[in-house]
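For what it's worth, numbering that gives the first Met the number 0 labels the leading residue of the sequence shown as 0, then goes sequentially. Where a beta carbon is used, it is the ideal one built from N, C-alpha and C, also for glycine. Here the structure is a predicted model, which means the values were calculated and not measured. The structure under discussion appears below in the form of structure tokens.
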Amino acid sequence: MSSDRSIYRISFVNQDKIYEIFAKQVYESDLYGFVVVEEIVFGTQSTVVIDPGEERLKTEFEAVKRSFIPIHSVIRIDEVEHTGVSKIHALESGSVAGNVSPFARPAGKKKD
Numbered sequence: 000m001s002s003d004r005s006i007y008r009i010s011f012v013n014q015d016k017i018y019e020i021f022a023k024q025v026y027e028s029d030l031y032g033f034v035v036v037e038e039i040v041f042g043t044q045s046t047v048v049i050d051p052g053e054e055r056l057k058t059e060f061e062a063v064k065r066s067f068i069p070i071h072s073v074i075r076i077d078e079v080e081h082t083g084v085s086k087i088h089a090l091e092s093g094s095v096a097g098n099v100s101p102f103a104r105p106a107g108k109k110k111d
């Protein structure tokens, strides 16, 4: 597989959901602690059936040129042969996905 044709599957946590997207470029950002995802790719719709999950992701990322994902939110990055279906999974307790939790964040202001 040539490097100019590489496709990457990126899984990351965003607001208690696991996002799985595909992109042509993934690299470490100049902003400390972030991974850059560029050229997000969605599967071609060759059938009449449309996946509402993928359509939601298309809408969410439609005007995005470059996305900066916090490194502690990234679950995994795979180089794959072909683009698959982008998905959003809910974090469910008791499942493998339920074992994924975001990295500790600084606490906000305390309320008295």
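What first and last residue would you give for the beta strand (DSSP E) that runs through residue i?
| i | result |
| --- | --- |
| Ser85 | Careful: Ser85 lies outside any beta strand (DSSP E) and carries neither H nor E. |
| Ile74 | Val73 to Val79 |
| Phe33 | Phe33 to Val40 |
| Gln24 | Lys16 to Glu27 |
| Ser112 | With the chain represented from 0 up to 111, any question about residue 112 goes unanswered, as that position is not in the structure. |
Measure from the alpha carbon of residue i to the alpha carbon of each residue in the options, then state which is nearest.
| i | options | result |
| --- | --- | --- |
| His81 | Glu27, Ser10, Arg65 and Phe41 | Phe41 |
| Val25 | Phe67, Leu56 and Gln14 | Phe67 |
| Pro69 | Tyr31, Tyr18, Ile20 and Ala22 | Tyr31 |
| Asp29 | Ile76, Arg65, Val84 and Leu90 | Arg65 |
| Ser5 | Ser85, Val84, Ile87 and Ile76 | Ile76 |
| Arg55 | Glu27, Val84, Val34 and Phe33 | Val84 |
Quick one: what does DSSP say residue i is sitting in, helix, strand or coil?
| i | result |
| --- | --- |
| Glu53 | helix |
| Glu61 | coil |
Are the CB atoms of residue i and residue j nearer to each other than 7 Å?
| i | j | result |
| --- | --- | --- |
| Glu78 | Tyr7 | yes |
| Val36 | Ile74 | no |
| Ile39 | Phe11 | no |
| Ile17 | His88 | yes |
Can a CB atom of chain E be found closer than 7 Å to the CB of residue i?
| i | result |
| --- | --- |
| Val84 | Note that chain E does not occur in the displayed structure, where there is just one protein chain. |
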